[in-house]
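Numbering (our numbering), first residue to last: 460 to 522.
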């Protein structure tokens, strides 16, 4: 299980680096960050019931 978690962390880091270095506008970057964070929350909670946090996540990234 720990091996799978480490692999996911490496993948998430690569995705974050890709988003950071991309030429996307700020709204697109915010959306991508929120999608990644929702996926992280789903993994942490072990369920697919993560959309209740969507507004908080979007508010965090969108000005």
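Just so you know, even glycine gets a beta-carbon here, dropped at the ideal spot from N, CA and C.
Computed from a prediction, not measured in an experiment: that's the story for all the values here.
How close, in whole Å, do the beta carbons of residue i and residue j come, if the pair is a contact with beta carbons under 8 Å?
i, j, result
"residue 478", "residue 488", "6 Å"
Tell whether a beta-carbon distance below 9 Å holds between residue i and residue j.
i, j, result
"residue 495", "residue 483", "no"
Answer with buried or exposed for residue i, where buried requires no fewer than 16 other C-beta atoms within 10 angstroms of its C-beta.
i, result
"residue 493", "buried"
Who are the near neighbours of residue i in its chain, counting only those whose CB is closer than 7 Å to its CB and skipping five residues on each side?
i, result
"residue 472", "none"
"residue 476", "none"
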